[in-house]
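Residue numbering for the sequence shown is 10 to 297, as defined by the working numbering.
Glycine included, every Cβ here is placed at the ideal spot set by N, Cα and C.
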Amino acid sequence: MRYLTKEWYGLCQMTGLHFGMRSHKGTYQKDEDLYLRLKKRKEKEFIKMERELYDFDPREMLEIYDGSVFISAEKFIAGEEIHDEDTIVYHMPEEEKDHINKLIEEYDSREPFDVDKCKIEFNKRQDIIQSENINNLATNLYSQIADPRVFALGYCTKEILSQLKRLSKENEIKVRRVLNEYTKVQKKEMISEQLRERFGFHDCQVMSCEFKQDIVFFLDTSGGFTENNKITFKEAKIIKQEKSIEESYWLYEELYYNQGGYEAHMLFAGEDIHELTISCKDIIIERV
């Protein structure tokens, strides 16, 4: 990746550092009683939310998603004007409907909601948030947090909240700057508008791959913004591959014209973020 790199993607994840955070006058010093009260409150909210999800009837998915209109992720992120050609009407494939029908069967025969299991999950998530905060926050900012447990619950001093908002804004500006640079470069590439529009598979999952003279991907597009689920890279060579991409989720792509063919750069999310770069003579995108 030349522009939409791992580092850029990491920066994308830090444009909302202040989301869900509230200032609390009791967070200037460590207070065990405060922590226990706030934890109980957040745990109660979490259980309520999980119960609502548990009680969600999958039948509604058939009504909500089939026929929904989606917008191009790149256009949305870039803040560009959205036209009709930037949207797609999602028609749910039969296999997805079959999957939902299985969910309906499971829903109708499910066990009672387990509150104790939910509490364990809440504690696990809090531990993960604390670990992520250690890794993501600058040392000088993290050192201002009196109790990392309370911060993980979503509470901090007004001074820290102000810093989080400022950092989020700075990161957002950097993210948009890189995306705008990439958009300008792409406009100069000798790539047909049809291929440029079709070669985008954000949030689709790679189900299987074939690595022969042609490289072929088969995708699960149920979470993405396209109905095209097969990509064939004709007469392809792998330039860079960091990990297996099977079962990974497609994040972003860059496409360049290269000596009568194309060079495709792709960013995936699996156990971690990894790249794949392929050189090929042509790219065939289709729905099968």
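Identity of the residues DSSP links to residue i by a beta bridge
| i | result |
| --- | --- |
| residue 270 | 267 |
| residue 78 | 98 |
| residue 57 | None; residue 57 has no bridge partner. |
| residue 214 | 229 and 258 |
| residue 164 | 31 |
| residue 291 | 243 |
| residue 192 | Answer is none; residue 192 lacks a bridge partner. |
| residue 250 | 285 |
Residue i and residue j closer than 9 Å at C-beta
| i | j | result |
| --- | --- | --- |
| residue 292 | residue 242 | yes |
| residue 166 | residue 286 | no |
| residue 23 | residue 176 | yes |
| residue 60 | residue 127 | yes |
| residue 273 | residue 288 | yes |
| residue 235 | residue 97 | yes |
| residue 161 | residue 138 | yes |
| residue 228 | residue 239 | yes |
| residue 233 | residue 218 | no |
| residue 56 | residue 124 | yes |
| residue 188 | residue 44 | no |
| residue 204 | residue 143 | no |
| residue 20 | residue 178 | no |
| residue 231 | residue 105 | yes |
| residue 87 | residue 14 | no |
Straight-line gap, residue i to residue j (C-alpha atoms, nearest Å)
| i | j | result |
| --- | --- | --- |
| residue 150 | residue 169 | 7 Å |
| residue 115 | residue 65 | 12 Å |
| residue 190 | residue 63 | 43 Å |
| residue 72 | residue 122 | 25 Å |
| residue 94 | residue 48 | 47 Å |
| residue 53 | residue 282 | 33 Å |
| residue 202 | residue 225 | 22 Å |
| residue 198 | residue 69 | 43 Å |
| residue 112 | residue 270 | 44 Å |
| residue 247 | residue 163 | 44 Å |
| residue 92 | residue 80 | 9 Å |
| residue 89 | residue 195 | 15 Å |
| residue 29 | residue 216 | 34 Å |
| residue 210 | residue 101 | 17 Å |
| residue 254 | residue 262 | 14 Å |
| residue 267 | residue 18 | 25 Å |
| residue 131 | residue 140 | 14 Å |
| residue 171 | residue 145 | 17 Å |
| residue 74 | residue 103 | 13 Å |
| residue 117 | residue 67 | 10 Å |
| residue 134 | residue 290 | 46 Å |
| residue 31 | residue 25 | 13 Å |
| residue 180 | residue 147 | 13 Å |
| residue 154 | residue 78 | 43 Å |
| residue 41 | residue 16 | 37 Å |
Assumed close pair residue i, residue j - CB separation to whole angstroms, cut-off 8 Å
| i | j | result |
| --- | --- | --- |
| residue 27 | residue 173 | 4 Å |
| residue 208 | residue 264 | 5 Å |
| residue 51 | residue 156 | At roughly 14 Å, the Cβ-Cβ gap does not stay under 8 Å, so residue 51 and residue 156 are not in contact. |
| residue 284 | residue 249 | 6 Å |
| residue 237 | residue 296 | 5 Å |
| residue 223 | residue 251 | About 21 Å; that fails the 8 Å criterion. |
Simplified DSSP state of residue i, which is helix, strand or coil
| i | result |
| --- | --- |
| residue 244 | coil |
| residue 36 | helix |
| residue 147 | coil |
| residue 224 | strand |
| residue 276 | strand |
| residue 129 | helix |
| residue 108 | helix |
| residue 23 | coil |
| residue 16 | helix |
| residue 123 | coil |
| residue 219 | strand |
| residue 49 | helix |
| residue 282 | strand |
| residue 183 | helix |
| residue 174 | helix |
| residue 135 | helix |
| residue 199 | coil |
| residue 237 | coil |
| residue 90 | coil |
| residue 11 | coil |
| residue 67 | coil |
| residue 297 | coil |
Check: residue i C-beta below 8 Å from any heavy atom of the ligand MG
| i | result |
| --- | --- |
| residue 160 | Although the ligand MG was asked about, the structure shown includes no ligands whatsoever. |
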